[in-house]
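Asker: From first to last, the protein sequence lines stand for chains A and B.
Here the first sequence is numbered in UniProt numbering, starting from 1 and rising by one per residue.
Here the second sequence is numbered in UniProt numbering, starting from 1 and rising by one per residue.
For each residue, glycine too, the CB sits at the ideal point set by N, CA and C.
Number of protein chains: 2
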Amino acid sequence: MKRKITLKDIARELEVSISTVSKALKNSEEIGRDTKEKIQAFAKLYNYRPNNIALSLKNKRTKNIGVVIPDIVHYFFTTVFRGIEKYANQKGYNVIVCVSDESFDKEVINTELLANGSIDGFIMSLSAETQQKMDFHHLLEITEQGIPLVLFDRADDHVPCDKVILNDTEISYQAVNKFLANGRKHIALVTTESYFNVSAKRAEGYEAALSEAGIPIDPALKLILPYRDINENEIRQFFAATKIDAVLCVNEIFAVQCMAIVQKMGLKIPEDISFIGFTDGILSKFVQPTLTTIAQHGERMGEISAQMLIERIEIEMDVEKPYRTEIVEATIIERESTVN
Amino acid sequence: MKRKITLKDIARELEVSISTVSKALKNSEEIGRDTKEKIQAFAKLYNYRPNNIALSLKNKRTKNIGVVIPDIVHYFFTTVFRGIEKYANQKGYNVIVCVSDESFDKEVINTELLANGSIDGFIMSLSAETQQKMDFHHLLEITEQGIPLVLFDRADDHVPCDKVILNDTEISYQAVNKFLANGRKHIALVTTESYFNVSAKRAEGYEAALSEAGIPIDPALKLILPYRDINENEIRQFFAATKIDAVLCVNEIFAVQCMAIVQKMGLKIPEDISFIGFTDGILSKFVQPTLTTIAQHGERMGEISAQMLIERIEIEMDVEKPYRTEIVEATIIERESTVN
DNA sequence: ATGATTTACGAAAACGGTTTCGTGTTGATA
DNA sequence: TATCAACACGAAACCGTTTTCGTAAATCAT
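Spelled out as C-alpha cells, the structure:
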C-alpha cells in the first residue's frame with residue numbers, strides 16, 4: 001500500500017526545505033532551474049497531489065457546496081441537482097447532499113453540521129415541516145455567519161437570501177386559461193396543504209384566471225391531498241361528487257393517479273375531462289394518455305442556483321451585493337391529456 | 001455578521017491558553033472546576049463549534065464518503081443513494097456525490113479529486129464507458145492507497161474490493177421460468193450492450209432458463225438498445241419481424257416503451273404478449289397496464305454498501321479483512337403485464 | 001522545614017499546506 | 001577592494017484543532 005506522499009516527504013528525500021518544495025511545485029521564479037526540475041520530476045514520479053483538507057484549512061475555502069433537499073427519489077429535485085452538480089463541478093466545486101426527508105429537525109441538524117466549516121455555501125429547498133412551522137432560525141444563523149445561501153423552488157420571503165423560483169402563479173393562470181379556451185367550465189385544482197408556498201401560489205393563479213373569466217371559486221372543486229400516503233377513495237369521492245371537466249394538479253403523481261381513477265370511472269381523457277400537471281417528468285411522457293405538463297426546467301434552476309451561489313462565494317466579502325430573486329419561466333408541454 | 005468563534009478567540013477573551021480551552025470543552029479532569037465552568041459557559045454563549053476542517057486534518061478522518069454514480073435522474077440510483085445517505089448520516093457521515101454521466105473521464109477526474117483527502121471512502125457504480133473500456137486503473141489506485149471502496153450493481157471482477165450486487169442471473173432465470181409456466185414459447189430479451197455486466201448476467205439467466213426448457217436461443221429474439229436516444233422504429237421492426245409472446249426487459253423504460261409500441265400495433269397485454277421489466281420504479285406502478293417488475297431493492301443495496309464501507313473505514317488499518325461480495329435478492333412484483 | 005505529590009495549567013508539536021521575510025552566496029559595479 | 005543587487009533557498013508563522021509533556025504552585029507526609 002503506497003500511502004499518499006506529502007511535501008515533507010519530498011523535502012526529506014531531496015534534502016531541501018518544505019517551502020522550497022512548495023514553491024518549486026508552483027513553478028515559482030524564486031527557485032533555481034535544477035532544483036525545480038528535480039523536485040517536479042520527483043513529485044510526478046510519486047504522483048504527488050496536495051491534500052485538499054490542508055488546503056481548505058489554509059485557504060478557508062473548502063470548494064464544497066452543501067445541497068439540502070427534502071427528497072432525492074423525486075424527479076424534480078434530481079433534475080435540479082443535476083444542474084447544480086454540473087455547474088459546480090465545472091467550477092471546481094464538489095457537492096455534499098443531505099436529504100431532510102421533509103423533516104424540520106433533519107434539516108436543522110444537517111445545516112448546522114455542514115455550517116461548521118465543511119462547505120462554502122448552501123443551496124436548499126425547504127422541507128414541508130419547515131414551511132409549516134415557519135421556523136427559519138437555522139437559515140438566519142447561516143446567513144448571519146456570512147455563509148452564502150440560495151433557496152430554490154420552496155423558498156420563503158422571511159429568509160433574506162438569493163432565491164430561484166418558478167413563475168408559479170403566472171403559469172397556473174396560463175394553464176387554467178388554456179382550459180377555458182378549450183371550453184372547459186368546471187375546472188378543479190388538486191393540490192397539497194397551503195403551507196407549501198408553491199401550492200399557494202399555484203392556487204392563486206388558478207383563482208385569478210377563474211375570477212377573470214367571471215367564474216366563482218367553488219371549494220368543492222379543490223382537493224387537498226397529503227404529499228405521501230394518498231388515499232384513493234378520497235380521490236374517487238372527489239370526482240364523483242362534482243361535475244369536473246378539467247383538472248390542474250400541482251404535481252405529476254397527483255395527475256397520474258387522478259387520471260387512472262377517472263378512467264376507471266369511465267371517463268374519457270381528454271374528451272370528457274382534461275388534465276394538466278406540474279413537473280414534466282418521466283411519468284408524463286409514458287403514461288396513457290400522455291400528460292400535458294408544466295415543465296419546471298429543474299436543470300436550469302439548478303444551474304442558476306449554483307451560479308448565484310458561487311458568484312457570492314467568490315465575491316470579496318466586503319462588497320455589498322443585494323439579494324436577488326431569479327424567476328424561471330415554466331413552459332406548458334402539450335400532450336394527449338388536453339385538446340389543442 | 002458574527003463570524004465563527006475559535007478556540008483561540010475564547011482563550012484570548014478569557015486569558016487562558018488554547019490548550020486549556022480545548023481540554024475544558026472536553027470536560028477534561030485536568031482543568032479546575034471554576035475554569036471549566038467559565039469556559040464552558042462562554043463557549044455556549046457564543047455557540048462555539050469546532051471547525052470540521054481542522055478536525056479532519058488532525059484526525060485524518062473527514063467523516064465524508066464519496067458516491068460516484070453514472071446518473072442521478074434515475075430511479076434505481078436515487079433509491080440506492082437514499083439508502084446510503086440514511087445509513088451514513090445516522091453514523092455521522094456526510095455524502096459527497098459526483099455524477100460520472102456514463103463517462104470514463106469524468107469518473108476518473110472525480111475519483112482522483114476526491115481521493116486527495118476529501119473523503120474516507122468511496123461507493124461507486126461504474127459508468128458505461130468504464131465498463132466498455134475495462135479500464136480500472138483509477139480504482140486500483142484508490143485501493144492501493146488504502147482508501148476503502150465499495151462497488152454496487154455495476155461492479156467488475158477485475159477490481160478487488162467489497163461489492164454489493166443483485167442476483168441478476170438467478171432472477172432473470174426465474175422471470176423467464178414464470179413466462180414458461182404461463183405457456184409462453186416465444187420469449188424475447190430487450191437489453192443493452194453486453195459490456196454492461198448486469199445485462200450480460202441477465203442474458204445468462206434468460207438463456208439458462210430457455211435451454212433448460214429445451215428451447216433454442218434465437219438471436220432474432222434479442223434486441224439490443226442504446227441506453228439513451230432510443231429509436232422507436234427499431235423497436236417496432238423488432239416486434240413486427242418475429243412472433244413474440246413474452247418480453248423480459250433489463251429496465252423499466254425499455255419495458256414501458258415496448259409496451260406502448262406493441263399496444264399501438266394492436267396487441268393486448270398480457271393476453272397476446274406479456275412483459276417483465278427490471279427496476280420497480282414509479283413508471284411500473286402507474287403505466288397502463290401496470291408492469292410486472294423485478295424489484296432491485298435499491299435502498300437496501302445502498303444501506304448495505306454504506307455499512308460495508310463504514311465498517312472498513314473504521315476498522316484498524318492493520319487488521320486484515322478479506323473483501324466480501326454481498327448479494328441482494330431481487331423480488332418479482334406481479335402486476336397486470338403478466339398473468340398469474 | 002524539607003522533600004514528594006498533586007493540582008492546574010501552559011508550551012509546543014503535529015496534521016499538510018502557503019507565504020512572508022530573512023539571509024548567505026554570487027557576480028557585477030564603482 | 002568595498003558595495004550592492006540578484007539569486008536561491010530556508011525559517012517561521014499561520015489556518016484550528018488535539019494531545020503530550022513540562023512545570024510552578026499548592027498540598028501533603030515526614
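In chain order, what residues of the same chain have a beta carbon less than 8 Å from the beta carbon of A/Ile332, not counting five sequence neighbours either side?
Answerer: Ile171, Gln174, Ala175, Lys178, Ile276, Thr292, Thr293, Ile294, Ala295
Asker: Does chain B have any CB closer than 8 Å to the CB of residue 348 of chain A?
Answerer: Since the first and last residues shown for chain A are 1 and 340, residue 348 of chain A lies out of range.
Asker: Starting from A/Gly117, find everything on chain B with Cβ-Cβ shorter than 7 Å and list it in chain order.
Answerer: Asn51, Asn52, Ile53
Asker: Residue range of the alpha helix (DSSP H) that B/Ala209 falls in?
Answerer: 197–212
Asker: At least one CB of chain B closer than 8 Å to the CB of A/Ser56: is that the case?
Answerer: So, interface residue.
Asker: Pull up the CB-CB distance for A/Ile313 and A/Gly121, whole angstroms please, since I reckon it's below 8 Å.
Answerer: 5 Å
Asker: Quick check on the DSSP output: the alpha helix (DSSP H) that includes A/Thr143 runs from which residue to which?
Answerer: 137–144
Asker: Does any residue of chain B bring its CB to less than 8 Å from the CB of A/Gly266?
Answerer: Closer than 8 Å: no.
Asker: What are the residues that DSSP puts in a beta bridge with B/Thr191?
Answerer: B/Ile224
Asker: For the region 281–311 of chain B, which residues have a beta carbon sitting closer than 7 Å to at least one beta carbon of chain A?
Answerer: Ile282, Leu283, Phe286, Val287, Gln288
Asker: Going by the DSSP bridge assignment, what does B/Glu334 pair with across the sheet?
Answerer: Answer by DSSP bridge pairing: none, since B/Glu334 is not bridged.
Asker: Buried or exposed, going by whether 16 or more other CB atoms sit within 10 Å of the CB of B/Val319?
Answerer: exposed
Asker: Measuring only the C-alpha atoms, how far is A/Gln40 from B/Ile109?
Answerer: Taking the straight line from one Cα to the other gives about 21 Å.
Asker: Can you name the residues that DSSP bridges to A/Ile123?
Answerer: Answer is A/Val67, A/Val150.
Asker: On the three-state DSSP scale, how would you describe B/Ile230?
Answerer: Coil at B/Ile230, not helix or strand.
Asker: Using beta-carbon positions only, say whether A/Glu112 and A/Ala128 come within less than 8 Å of one another.
Answerer: no
Asker: Output yes or no for whether 8 Å exceeds the beta carbon distance between A/Asp153 and A/Ser194.
Answerer: no
Asker: What would DSSP say about residue 386 of chain A, mapped onto helix, strand or coil?
Answerer: A question about residue 386 of chain A goes unanswered here, because the residues of chain A that appear run from 1 up to 340.
Asker: Can you check whether the C-beta of B/Ala260 is within less than 8 Å of a C-beta belonging to chain A?
Answerer: Chain A has a Cβ within less than 8 Å of the Cβ of B/Ala260.
Asker: Does the beta-carbon of B/Phe82 have 16 or more other beta-carbons within 10 angstroms, so that it is buried, or is it exposed?
Answerer: The sequence shown places Arg at residue 82 of chain B, rather than the Phe named in the question. The residue in question, B/Arg82, is buried, as its Cβ has 16 or more Cβ neighbours within 10 Å.
Asker: In the DSSP assignment, find the alpha helix (DSSP H) that holds B/Thr20 and state where it starts and stops.
Answerer: 18–25
Asker: Ends of the alpha helix (DSSP H) at B/Ala128?
Answerer: The continuous alpha helix (DSSP H) containing B/Ala128 extends over residues 128–133.
Asker: I'd like to check one pair, A/Ile244 with A/Ala188: are the Cβ atoms closer than 8 Å?
Answerer: yes
Asker: Cutting at 6 Å between CB atoms, please list the residues of its own chain near B/Val21, excluding the five before and the five after it.
Answerer: Leu7, Ile10, Ala11, Ile39
Asker: Once DSSP output is grouped into helix, strand and coil, what is the label at A/Ser28?
Answerer: coil
Asker: Please list the partners that B/Phe81 has in chain A, where partner means a Cβ-to-Cβ separation under 7 Å.
Answerer: Neighbours of B/Phe81 on chain A, chain order: Ile72.
Asker: Mind listing the chain B neighbours of A/Leu114? Cutoff is C-beta to C-beta under 9 Å, in chain order.
Answerer: Asn52, Asn94
Asker: So, using beta-carbon positions, are B/Leu180 and B/Ala203 closer together than 8 Å?
Answerer: no
Asker: Around the C-beta of A/Lys321, are 16 or more other C-beta atoms found within 10 angstroms, so that it is buried, or is it exposed?
Answerer: exposed
Asker: Going by DSSP in three states, A/Cys258 sits in which element: helix, strand or coil?
Answerer: A/Cys258: helix per DSSP, three-state reduction.
Asker: If you measure from the beta carbon of A/Val97 to each beta carbon in chain B, is any gap under 8 Å?
Answerer: yes
Asker: For B/Val256, which residues in chain A fall below 7 Å Cβ to Cβ?
Answerer: Phe286
Asker: Where do the N-terminal and C-terminal ends of the beta strand (DSSP E) with A/Leu166 fall, by residue?
Answerer: 162–166
Asker: Is it true that the region 64–78 of chain B meets the region 47–62 of chain A, where meeting means three or more beta-carbon pairs spaced less than 8 Å apart?
Answerer: no
Asker: Show which residues of chain A have a CB atom less than 9 Å away from the CB atom of B/Gln145.
Answerer: Met1, Lys2, Arg3, Lys4
Asker: In or out: B/Thr325 buried (at least 16 other Cβ within 10 Å) or exposed?
Answerer: exposed
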